[in-house]
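Quick notes on the structure that follows.
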Amino acid sequence: MKFIGIIPARYASTRFPGKPLAMLGGKPVIQRVYEQVVDVLGEAYVATDDERILQAVESFGGQAVMTRSDHKSGTDRIQEAATLIRTTADVLINVQGDEPFIQRSQLETVKELFNDPQVQIGTLGKPFDTMEATENPNSPKIVTDLNGYALYFSRSVIPFIRGKERQEWISHFPFLKHIGLYAYRREVLAEITKLPQSPLELAESLEQLRWLQNGYRIKVGLTDVETVGIDTPEDLQRAEALLNGVK
């Protein structure tokens, strides 16, 4: 089975314009993401709508493709990129361009999900450590069935633990944080990007609910690795400190 990584990267960002080109440990953030992905998958493309990012990727020897600037989601950008590069990969893995610390174990876990021919879409979940983190609406929660398929994603704390004080909930149920790494069979990606937004997606502002509401199944792999995304200049400073700590 052939896998390829597609890394959507936009220059425009409300909280951190140009973050793919921000320097982290002497390299642009996008280069660190690209190198992590290629090391595991063997092939990757950066899908961007900005010439500066395209040139930066090509300057360090990476592969990039220019996509439209009007995409509403990274998934749509990935589908356009897949069409432009005419990939024959069986599975496309969507790695965010602001995740320079994406780990080999996480990518391998997602790859292994597709050993089951029934899996259409794969993603990752990580157990929450604290109730405070669980209650953060910016960290979507997942509930799965007994076979590891997602039943629902929500910004709310799910499930509700009846008969227990809220601060005790985490000791009574393994709440699962959604890690926003997606993998799609090539034909499934082509299908889901044609779907209109669904009521649940609009309610929660979570694109994956569109797929669930249309009957697609999402298999959830488990990871114990916390992602370190870069959304703000302050995040970049923390990432630099983490990188220096690793050294």
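Following our numbering, the numbering of the sequence shown begins with 51 at its first residue and continues without gaps. The beta carbon of each residue, even a glycine, is placed where N, CA and C say it ideally should be.
To the nearest angstrom, how far is the alpha carbon of Ala-132 from that of Ala-59? 15 Å
To the nearest angstrom, report how far apart Gly-279 and Gly-213 are at their CA atoms. 36 Å
Between which residues of its own chain and Pro-78 is the CB-CB distance below 6 Å, once the five residues before and five after are set aside?
Leu-71, Ala-106
Among the candidates Glu-218, Thr-173, Gln-156, whose CA atom is the shortest distance from the CA of Glu-185?
Glu-218
### Enclosing beta strand (DSSP E) for Ile-57 [first to last residue]
53–59
Cβ atoms of Ile-192 and His-228: under 7 Å apart, would you say?
-> yes
- prompt: DSSP three-state call for Val-160: helix, strand or coil?
  reply: helix
task: Kindly indicate which three-state DSSP category Arg-235 falls into: helix, strand or coil?
output: strand
Spatially closest choice to Asn-144 from Met-51, Thr-173, Ala-183, Gln-113, by CA coordinates: Thr-173
Helix, strand or coil for Lys-69, going by three-state DSSP, please let me know.
-> helix
Taking only three categories from DSSP, how would you classify Pro-283? helix
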